[in-house]
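Notes to accompany the following structure.
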């Protein structure tokens, strides 16, 4: 959809998987872990992509990896960067990069905190915020090569930095991955709703992203969610409530509920409901995408609203709970006016 995309996948790691790869690498030693995990482990990955109508404005990922099985796990992300450091370390960028390793491999070193910045090689930096797990080890290391397929030289050597997280048992990795051009203001991050809501704010406004592996409810600062994936964007470009899957979202006096992905744009005199072209065929992940069938959307909004124009198959009904909007298959947007 225009302001939010969502995907989820379930991975059942129930059997040992042998890896016999004849590669010879010079990878540095990985960060120490208290124990090695083993099957069975169930893993659900959810990714929420928040964006703007203007591609020059902030767009970023919220990633939630939920695990069950009682086994230790590792979470890893690579960036094409010069170094990874804390916000305090990168404040004096020249001093921080004075010893940048360049085309050199570096061993694992521990990081402290939940906020890190990867200083990019192409003048685009990445802000990390680790909403969970808390109190577990964080590390970085650096690796690269000047070869491809271990036989042919690269025209340009490629070296990357790893962010490595750990978790001793069941739980969730919930991480914000926020790229920004160097010189653009750094956003602020925090959590609400027992850690299921991630708040991101900056000169663009304030976003609230909600992810939960199972149906849940969470609220804080005037926003409320029910379901598994949703967001509220209160930006200079306008406010948008969005559902990534079946659920409900509220923001101040406005609300949206639907059986599949949908969004509500809030204007002073106009509301616009937007719908995806396709939806998953079923409640479980890894279902095929099919054209969105017709359905109903419930809206909460102060005042009286009517269809901006008559549309075939569209019906708006006012009730004690708000407005019920019936939308036929194939229609992607419906506008309401005061």
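Residue numbers (our numbering): 240 to 577. No residue lacks a Cβ here, since even glycine has one placed at the ideal position from N, Cα and C. Remember, predicted model here, so these are calculated numbers, not experimental data.
Do you know how far the Cα of residue j is from the Cα of residue i?
i, j, result
"residue 340", "residue 253", "40 Å"
"residue 361", "residue 298", "17 Å"
"residue 416", "residue 255", "31 Å"
"residue 455", "residue 470", "14 Å"
"residue 441", "residue 473", "11 Å"
"residue 338", "residue 396", "19 Å"
"residue 366", "residue 356", "5 Å"
"residue 447", "residue 391", "46 Å"
"residue 329", "residue 354", "11 Å"
"residue 476", "residue 505", "10 Å"
"residue 430", "residue 376", "20 Å"
"residue 315", "residue 401", "7 Å"
"residue 548", "residue 555", "11 Å"
"residue 291", "residue 445", "12 Å"
"residue 278", "residue 312", "11 Å"
"residue 294", "residue 419", "12 Å"
"residue 372", "residue 410", "7 Å"
"residue 318", "residue 559", "51 Å"
"residue 363", "residue 394", "22 Å"
"residue 408", "residue 245", "26 Å"
"residue 200", "residue 460", "Since the first residue of the chain shown is 240 and the last is 577, residue 200 is not available in this structure."
"residue 270", "residue 491", "45 Å"
"residue 273", "residue 381", "22 Å"
"residue 346", "residue 527", "43 Å"
"residue 557", "residue 478", "23 Å"
"residue 358", "residue 342", "15 Å"
"residue 258", "residue 310", "19 Å"
"residue 538", "residue 370", "31 Å"
Taking 9 Å as the threshold (C-beta atoms), are residue j and residue i in contact?
i, j, result
"residue 306", "residue 286", "no"
"residue 540", "residue 561", "yes"
"residue 493", "residue 482", "no"
"residue 326", "residue 250", "no"
"residue 546", "residue 553", "yes"
"residue 333", "residue 283", "no"
"residue 531", "residue 414", "no"
"residue 529", "residue 518", "yes"
Going by CA-CA distance only, name the one from the options that's closest to residue i.
i, options, result
"residue 348", "334, 403, 336, 308", "403"
"residue 568", "559, 550, 556", "550"
"residue 450", "512, 346, 486", "486"
"residue 533", "302, 248, 497", "497"
"residue 267", "530, 241, 414, 398", "398"
"residue 241", "342, 423, 516", "516"
"residue 452", "342, 412, 565, 317", "412"
"residue 308", "275, 460, 271", "275"
"residue 512", "370, 565, 528", "565"
"residue 352", "459, 405, 374, 364", "374"
"residue 296", "527, 423, 478", "423"
Write down the C-beta distance between residue i and residue j rounded to the nearest angstrom, noting that I regard them as a contact closer than 8 Å.
i, j, result
"residue 508", "residue 465", "About 28 Å; that fails the 8 Å criterion."
"residue 289", "residue 243", "6 Å"
"residue 489", "residue 463", "4 Å"
"residue 265", "residue 344", "6 Å"
"residue 514", "residue 421", "Incorrect: roughly 37 Å between the Cβ atoms, too far for contact."
"residue 368", "residue 443", "Going by Cβ atoms, the distance from residue 368 to residue 443 rounds to 16 Å, so no, they are not a contact pair."
"residue 499", "residue 484", "7 Å"
"residue 510", "residue 544", "6 Å"
"residue 379", "residue 350", "6 Å"
Mind checking whether the beta-carbon of residue i lies closer than 8 Å to any heavy atom of the ligand MN?
i, result
"residue 285", "Of the ligands one can find in the structure shown there are none, so the ligand MN has no counterpart to examine."
Inset, instruction - Mind the definition here: the segment 431-450 touches the segment 375-389 only if three or more C-beta pairs lie below 8 Å; say whether that holds. - result: no
Legend entry - Meets three-Cβ-pair contact criterion under 8 Å: the segment 315-331 and the segment 460-469: no
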